[in-house]
Amino acid sequence: MAIGTLYIVATPIGNLEDITLRAISTLSSVDTILCEDTRVTSRLTARYNIKTRLTSMNARTEKARIAHVLNLLSAGKNVALVSDAGTPTISDPGSALISSVRENLPDVSIIPIPGASALTAALSVSGLPSSEFLFLGFLPHKKGREKLFKEIAESKRMVLFYESPHRIMKTLSRLAEVLPAHRRIAVARELTKMFEQMRIGSAEEVLAYFTEHKEKQKGEFVVAVF
Numbered sequence: 263m264a265i266g267t268l269y270i271v272a273t274p275i276g277n278l279e280d281i282t283l284r285a286i287s288t289l290s291s292v293d294t295i296l297c298e299d300t301r302v303t304s305r306l307t308a309r310y311n312i313k314t315r316l317t318s319m320n321a322r323t324e325k326a327r328i329a330h331v332l333n334l335l336s337a338g339k340n341v342a343l344v345s346d347a348g349t350p351t352i353s354d355p356g357s358a359l360i361s362s363v364r365e366n367l368p369d370v371s372i373i374p375i376p377g378a379s380a381l382t383a384a385l386s387v388s389g390l391p392s393s394e395f396l397f398l399g400f401l402p403h404k405k406g407r408e409k410l411f412k413e414i415a416e417s418k419r420m421v422l423f424y425e426s427p428h429r430i431m432k433t434l435s436r437l438a439e440v441l442p443a444h445r446r447i448a449v450a451r452e453l454t455k456m457f458e459q460m461r462i463g464s465a466e467e468v469l470a471y472f473t474e475h476k477e478k479q480k481g482e483f484v485v486a487v488f
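Start counting the sequence shown at 263; every next residue gets the next number (my numbering).
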């Protein structure tokens, strides 16, 4: 029996129209779609009339699901991995699964279906030179967080990271404290969504803006320090 194929499929980060034709075709043709939250992914599959079965696999359940996925692939089933938004394994679950497939089923093809990424979307509209930068994903909540702020302040390269609405103000406050006066930051908010926004200035200026406009503190953020 032929072994299956594992597809790593990027999905929209907000606007559901930001999906590729190849992604729609792949999600429609595989036997199973692994997703972080079936409720989130079902909105996408319903929009494009994709009938494929959805199976939950998130950060808490990934290791427990690996054996099941290996069995599916061994039985010749094709599997797609998606995250709630953007590209799987980029600050999202999936790397442990891919590593296990490569180790235990080396003949399985693992195929990327590229698409939306908040990182590249933010860079594309920032107006900043982006030939070289350091990406940190989500900053840690506690352990190692202060060390990273020091590294960001001392970095000669542009540094980008993701931040949640729960910590964005604390992060902006800390950047205002540690960054030299000549450094600037860019904050991209709710990319591809109705209230999409980019704010650029000194850390103090950007902090003051979001402090004054509390309604802007909601959403998902990409922060660039340059």
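Where is the CB? At the ideal position from N, CA and C, for every residue including glycine.
Tell me the residue span of the beta strand (DSSP E) that contains residue i.
i, result
"F400", "395 to 400"
"L343", "341 to 343"
"L422", "420 to 425"
"R451", "447 to 451"
"A486", "483 to 487"
Would you kindly report the start and end of the unbroken alpha helix (DSSP H) that includes residue i?
i, result
"V387", "380 to 388"
"A470", "465 to 474"
"S371", "Per DSSP, S371 belongs to no alpha helix (DSSP H); it is in the beta strand (DSSP E), 371 to 375."
"E413", "407 to 416"
"M431", "430 to 440"
"L359", "357 to 366"
Can you tell me whether residue i is buried or exposed? The criterion is at least 16 other CB atoms within 10 Å of its CB, across all chains shown.
i, result
"P355", "buried"
"V387", "exposed"
"P402", "exposed"
"M420", "buried"
"E477", "exposed"
"G348", "buried"
"P350", "buried"
"L335", "buried"
"N340", "buried"
"T269", "Note on residue identity: the sequence assigns Tyr, not Thr, to residue 269. Its Cβ being crowded by 16 or more others within 10 Å, Y269 is buried."
"R451", "buried"
"L289", "buried"
"Y310", "exposed"
"A308", "exposed"
"E394", "exposed"
"A326", "exposed"
"T294", "buried"
"T473", "exposed"
"G406", "exposed"
"P376", "exposed"
"P274", "buried"
"E482", "buried"
"R305", "exposed"
Within a Cβ cutoff of 6 angstroms, which residues of the same chain sit near residue i, ignoring the five residues on either side of it in sequence?
i, result
"I328", "L359, S362"
"S345", "E298, D354"
"A448", "S388, I462, A486"
"V302", "D346"
"L296", "T317, M319, L343"
"A383", "L453"
"S371", "T267"
Given 7 angstroms as the limit, tell me if residue i has its C-beta closer than that to any heavy atom belonging to the ligand SAM.
i, result
"S435", "Because no ligand of any kind appears in the structure shown, any question about the ligand SAM cannot be addressed here."
So, for residue i: in the same chain, excluding its five sequence neighbours on each side, which residues have a beta-carbon less than 8 angstroms away from its beta-carbon?
i, result
"A443", "S464"
"M460", "A384, V387, S388, A448, V449, A450, R451"
Tell me which residues share the same chain as residue i and place their Cβ nearer than 7 angstroms to its Cβ, disregarding the 5 neighbours each side in the sequence.
i, result
"P381", "Just to set this straight, residue 381 is Leu in the shown sequence, not Pro. Excluding positions up to five away in sequence, the list reads F397, L422, V484."
"L367", "I265, L332, L335, S336"
"Q479", "P427, I430, M431, F472"
"A438", "A465, E466, L469"
Inset, instruction - Note down, one range per segment and in chain order, each beta strand (DSSP E) of at least 3 residues found wholly within the segment 267 to 339. - result: 267 to 271, 294 to 297, 315 to 318
Legend entry - Cβ pair count under 8 angstroms reaching 3, the segment 344 to 358 against the segment 303 to 321: yes
Inset, instruction - May I ask you to verify whether the segment 393 to 412 touches the segment 459 to 468, counting CB pairs closer than 8 angstroms and requiring at least 3? - result: no
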